[in-house]
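First comes the structure, then the notes that go with it.
Okay, structure coming up:
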């Protein structure tokens, strides 16, 4: 086809007009056409105008009926009940009790990160005489920094005489172990009736079997040393598969080496002074789960159990774990694992009952703060409260990050952080909190909260005036769910001046060291002396203590649950020594009933053992400790 030429004008000429039939006809037709056109145009304008008016009439704005505002009844002003916090005096009896432990962190000014983190403390009856002894986990000077005349730092054991007086028993018990130690786990893994000890460290961990009050290192044959370059932190014994033998869970912090740490140019903000490194500058790690095979040998089942969580973006290990505890959150008969992580999300491993776990931290609401951010989490503890209907998980966090208090209904895993609403948040924002313990310190039937605090940097006050290296511990009284705020900070008026002595707090544990029924506190401090705080509650409190012994279940009865209903109020506790930060508290359960001259009206005591068996008791005498064996 030939394309037309746009320059050929002949193609654009108009066609010739056809000849008219009559010369007169042509002008007459034009006049008629013009007149018709004008008439049609006038009709169109009239119709359009009429249509527009009609459309406006149909769609004209209708008058709005004005309704007078309804009379609103304002709620009555909320009045918080006035509750006077109880006297709960704690006396510092460290010196008079004979506790002389001083933590060695090896700091010489190089600012190596592990120097800021230790050490833990454990409660155990190592000699089976019926009272609570104390084991302190020590670190040491760095290799190459010691001079020949220095005595190597070791762990320290103090034996209790039953009245809260202690004597050093480290060497004779075989616990003069030298390592850059962090935490401990106390448990009778071989079910022979005495507690064994596991120690975590920067470097290989140790398992010490108790042979009648003398500890023997069986780490290598048991297979639980862990990687030689690992940094173990909190750890704990629990029977995850309910086979009657205690298994071992070990937290690891970050990938660390002295050479890498020194190569980093860590500085305090606005200062030329070298600072301790941030965990963000170190890679994460995996925890470890060792299954007890029953012959003194353990099997690493971490990967098979589904406990190796990776960063979804980098496919690298996510966890930077410092705290762990165990609880049956979903009430299905097996123990779940909750892990506090530093600067990455917390983890909740739900026990599937088939040897595997599912990580549900984010969907359960326990992984982050209310804004969806990870915090610098340290220690952790959990307790049942509000008459046995709710479960709370407390987590100590970094400075300017309030202590978390995640709450869910019993049997569920949908947590809400209630730290602000229950009064903990505003009172804990400034402190850098490591150890947290939930226990009934005033024996009124409700768990209170104790916290150890202390910063990482000795010079922090130079760059942050609101912060101090040494910080006072805190204690919050649980005044009940019907109060405006559930947790009330106690002051010198209630607990005494000695309680608030500032220190660089780290680990903490509780036990009834002096046998008077109330819970005393032992706490550690990095590079400083330990402290023993004796609880001197006024007389008249009613209480009952239960020491549980498993038969088909693990002998320590770890994971067993005791529920007591008295005077219409239900309390529930689980045997769980692994709580706080790097530490182990006593296994005996303490139930308080407040003041009552006639004693509490105990209606029912029910114990559910890890094996699934139950024991029902009644008419137990109060103000004494009862030993209960599994049927």
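Numbering (the working numbering), first residue to last: 2 to 632.
Positions of the beta carbon are idealized from the N, C-alpha and C atoms, including for glycine.
These numbers come from a predicted model, not from an experiment.
Check                                                                                                                                                                 : Outcome
Among 85, 516, 349, 376, whose alpha-carbon lies nearest the alpha-carbon of residue 364?                                                                             : 349
Closest to residue 435 by CA distance: which of 334, 315, 381, 530 is it?                                                                                             : 381
Check whether the Cβ atoms of residue 403 and residue 447 lie closer than 8 Å to each other.                                                                          : no
Mind pulling the beta strand (DSSP E) runs of 3 or more residues that sit fully within the region 497-527?                                                            : 506-512, 521-526
Return the residue from the list 271, 177, 252, 111 that minimises the CA-CA distance to residue 319.                                                                 : 252
Report the CB separation of residue 475 from residue 490 in whole angstroms; it is logged as a contact under 8 Å.                                                     : 7 Å
From residue 260 to residue 623, what distance separates their C-alpha atoms?                                                                                         : 58 Å
Here's a check: name, in chain order, each residue in its chain whose Cβ is nearer than 6 Å to the Cβ of residue 360, leaving out the five neighbours to either side. : 310, 348, 350
Could you give the uninterrupted runs of the beta strand (DSSP E) lying entirely in the region 176-221, keeping only those of 3 residues or more?                     : 182-188, 197-202, 207-211, 216-218
Assuming residue 236 and residue 249 make a contact with CB atoms under 8 Å, what is their CB distance in whole Å?                                                    : 7 Å
Can you tell me whether residue 89 is buried or exposed? The criterion is at least 16 other CB atoms within 10 Å of its CB, across all chains shown.                  : buried
Within the continuous beta strand (DSSP E) that includes residue 365, where are the two ends?                                                                         : Careful: residue 365 lies outside any beta strand (DSSP E), inside the alpha helix (DSSP H) at 362-365.
Going by DSSP in three states, residue 246 sits in which element: helix, strand or coil?                                                                              : coil
Give the single residue among 124, 582, 500 whose Cα lies nearest to the Cα of residue 477.                                                                           : 500
Cβ of residue 221 within 8 Å of Cβ of residue 180?                                                                                                                    : no
Could you give the distance in angstroms between the alpha-carbon of residue 536 and the alpha-carbon of residue 522?                                                 : 8 Å
Which residue's Cα is closest to the Cα of residue 92: 543, 576, 515?                                                                                                 : 515
Where do the ends of the beta strand (DSSP E) carrying residue 407 lie?                                                                                               : 405-410
Nearest to residue 568 by alpha carbon, out of 276, 202, 468, 543?                                                                                                    : 543
I need the straight-line Cα distance from residue 505 to residue 458, nearest angstrom please.                                                                        : 10 Å
Under the three-state reduction of DSSP, which class applies to residue 562: helix, strand or coil?                                                                   : strand
Please identify the residue among 629, 273, 555 whose C-alpha is closest to the C-alpha of residue 563.                                                               : 629
Start and end of the alpha helix (DSSP H) containing residue 426?                                                                                                     : 425-429
Grouping DSSP H, G and I as helix and E and B as strand, with all else coil, what is residue 1?                                                                       : Any question about residue 1 goes unanswered here, given that the chain covers just 2 to 632.
Residues bridged to residue 291 by DSSP?                                                                                                                              : 249, 301
Could you work out which residue in 184, 513, 332 is closest to residue 254 when comparing CA atoms only?                                                             : 184
Rounded to whole angstroms, what's the CA-CA distance from residue 166 to residue 358? Just pull it up for me.                                                        : 43 Å
Which of the three DSSP states is assigned to residue 472 in this structure?                                                                                          : strand
Which class does residue 457 belong to by DSSP, given the choice of helix, strand or coil?                                                                            : coil
When the Cα of residue 373 is compared with those of 383, 362, 379, which residue comes out closest?                                                                  : 362
Using alpha carbons as the reference points, say which of 411, 498, 432, 439 lies closest to residue 512.                                                             : 439
Can you give the Cα-Cα distance for residue 592 and residue 466, rounded to whole angstroms?                                                                          : 42 Å
For residue 288, count neighbouring Cβ atoms within 10 angstroms of its own Cβ and tell me buried if that reaches 16, exposed if not.                                 : buried
So who's on the other strand from residue 544, going by DSSP bridges?                                                                                                 : 593
Excluding the 5 residues flanking residue 389 on each side, which residues of the same chain have their C-beta closer than 7 Å to its C-beta?                         : 411, 564, 571, 572, 573
Can you name the residues that DSSP bridges to residue 440?                                                                                                           : 449
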